[in-house]
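Peer 1:
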Amino acid sequence: MADAPRHRVVIVGGGFGGLYTAKALGGAAVDVTLIDKRNFHLFQPLLYQVATGGLSAGDISSPIRAILSRYRNVKVLMDEVTTIDSQAKRVILQNGEIEYDTLVVATGVSHHYFGNDDWAAIAPGLKTVEDALEMRRRIFLAFEAAEKETDAEKRRAWLTFVVVGGGPTGVELAGALAELAYSTLKSDFRNIDTSEARILLLEGLDRVLPPYPSDLSAAAADSLERLGVTVQTKTLVTKIADDIVTIKQGDSTEEIPARTILWAAGVKASAMGKVLADRAQAELDRVGRVMVAPNLSLPAHPDTFRGRRFGTLRRIRATSRCLEVAPVAMQQGSYCGEID
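Residue numbers for the sequence shown, in numbering that gives the first Met the number 0: 0 to 339.
1) Using the C-alpha atoms, what's the distance from V266 back to G310?
2) Kindly say whether A180, judged by its beta-carbon, lies nearer than 9 Å to any beta-carbon of chain D.
3) Check whether the segment 231 to 241 touches the segment 21 to 32, taking contact to mean three or more Cβ pairs, one atom from each stretch, closer than 8 Å.
4) Please work out which residues of its chain come closer than 6 Å, Cβ to Cβ, to E146, disregarding the five sequence neighbours upstream and downstream, and give them in chain order.
5) Spatial neighbours of S60 within its chain, please: C-beta separation below 8 Å, excluding the five flanking residues on both sides.
6) The beta strand (DSSP E) with R197 in it runs from where to where?
7) Suppose you measure from the CA of D340 to the CA of T232; what does that come to, to the nearest Å?
8) Are L158 and A180 close, meaning C-beta to C-beta below 9 Å?
9) Which runs of the beta strand (DSSP E) spanning at least 3 residues fall entirely within the segment 145 to 204, listed in chain order?
10) Need the endpoints of the alpha helix (DSSP H) that I63 sits in, please.
11) Give me the residue from M134, A270, D250 with the minimum Cα distance to A263.
12) Using only alpha-carbon positions, find the residue among E98, L92, V75, Q93 that is nearest to Q86.
13) L215: buried (16+ other C-beta within 10 angstroms of its C-beta) or exposed?
14) Starting from the Cα of V11, find the closest Cα among D78, P44, V104, I91 and give me that residue.
15) Select from S194, G114, T168 the residue whose C-alpha is nearest the C-alpha of F142.
16) For V90, tell me which candidate among L176, V9, D30, G14 has the shortest Cα-Cα distance.
17) Go through the segment 236 to 277 residue by residue and report every complete run of the beta strand (DSSP E) that reaches 3 residues or more, in order.
18) Inspect the beta-carbon positions of I260 and I121 and report whether they are closer than 9 Å.
19) Can you check which of these residues, D2, N115, L18, is closest to A28 by C-alpha distance?
20) Report yes if the CB atom of D78 is closer than 9 Å to the CB atom of N94, and no otherwise.
21) Going by DSSP, what residue range makes up the beta strand (DSSP E) through K74?
22) Answer with buried or exposed for D35, where buried requires no fewer than 16 other C-beta atoms within 10 angstroms of its C-beta.
23) So if DSSP puts D35 in a beta bridge, which residue, or which two residues, is it bridged to?
24) What number of angstroms, rounded off, separates the C-alpha of W118 from the C-alpha of D30?
25) Would you tell me roughly how many angstroms separate the C-alpha atoms of L176 and V274, rounded to the nearest one?
26) Mark A217 as exposed unless 16 or more other C-beta atoms lie within 10 angstroms of its C-beta, in which case mark it buried.
27) So which of S186, L140, L208 has the shortest CA-CA distance to G166?
28) Please list the terminal residues of the continuous alpha helix (DSSP H) segment that includes V49.
29) Would you kindly check if the distance between the Cβ of V75 and the Cβ of L92 is under 9 Å?
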């Protein structure tokens with residue numbers, strides 16, 4: 000009698016959620032295929048260190064195959080998913096297709112400019128290695144340009160760094176910029192004093208780190224200010240153009256000349272959310288996150304799972320939502336791998 004075919008699990012995405020799902024299934028009596036358009040796992044929480052020169056890109060990147068090499072039932076495909084056929088249980092790739100019995104979608108998030116996508120070229124976000132290297136290029140070139148600039152007003156603009164968004168990424172980035180300007184580079188230039196750099200952190204709500212308890216927010220703001228960061232809350236960015244950031248605080252507006260503007264003001268679900276909506280009857284929230292059941296599955300397709308960094312949990316009663324940070328994705332990934 001022939002052996003019954005093994006259960007096939009396909010994981011889309013090699014971030015924390017996908018990786019921890021694969022690890023949880025390692026050694027189980029299933030065949031696992033992890034698909035990612037890159038062949039390395041990126042430790043995103045330290046991207047700000049790459050952006051400010053504290054680490055190199057290789058320090059926070061690890062080959063996915065090496066991480067999962069001990070699990071003989073797990074294989075890795077470097078490819079990009081174009082769509083999903085939920086009826087035929089098939090994932091369509093740029094270079095072929097693969098069938099599944101259970102699908103885990105862990106494709107993460109992307110930058111959210113709230114309808115101002117033209118700002119992306121002016122104020123880069125921080126989600127990929129390329130983003131971090133572009134930020135680093137702009138940051139260090141700003142100091143170099145200021146060193147050569149003879150006009151005081153233009154030099155001040157070169158030495159003004161605006162970080163938009165007071166969440167974890169913005170707070171870490173602003174703090175690292177302060178250490179760079181006020182400590183690391185302090186003795187490296189002859190015509191400028193890098194300690195005169197202005198580092199502004201702008202947050203639209205009434206405190207930084209809004210999802211965290213208020214005492215932690217207050218401690219973070221205090222630490223930033225002691226580092227030399229100017230923290231401005233209840234501040235909305237209304238325009239970014241011609242090296243000027245226009246902000247609104249209550250009824251007043253202000254224009255801030257700045258040659259380096261960095262975006263950390265929000266994220267939205269990846270494009271895979273729309274694919275699931277179109278092809279698997281998934282319901283999306285206002286920022287494109289997939290509405291999932293308490294076990295992270297799609298209500299219409301219990302064989303398809305999506306983590307909360309990329310999905311929103313539907314609850315009977317309203318509760319505080321989980322933070323969209325790496326530890327949550329890790330826990331979700333491990334949980335998905337343990338579901339019967």
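Glycine included, C-beta positions come from ideal geometry on N, C-alpha and C. Just so we're clear, the structure is a prediction, and the values are computed from it rather than from any experiment.
Peer 2: On the basis of the supplied data:
1) At G310, the pLDDT of 44 sits below 50, so the modelled position is not reliable; the number obtained from the coordinates is stated separately. In a straight line, the C-alpha of G310 is about 12 Å away from that of V266.
2) Here there is only one protein chain, and chain D is not present.
3) no
4) F188, N190, I191
5) F39, H40, L41, F42, V128
6) 197 to 201
7) A question about residue 340 goes unanswered here, because the residues of the chain that appear run from 0 up to 339.
8) Their beta carbons are under 9 Å apart, which means L158 touches A180 by this criterion.
9) 159 to 163, 197 to 201
10) 63 to 67
11) M134
12) E98
13) exposed
14) Nearest Cα to V11 within the set D78, P44, V104, I91: V104.
15) The residue with the shortest Cα to Cα distance from F142 is S194.
16) V9
17) 243 to 248, 251 to 256, 259 to 262, 266 to 268
18) yes
19) D2
20) yes
21) 73 to 77
22) buried
23) M77
24) 43 Å
25) 38 Å
26) exposed
27) L208
28) 46 to 50
29) no
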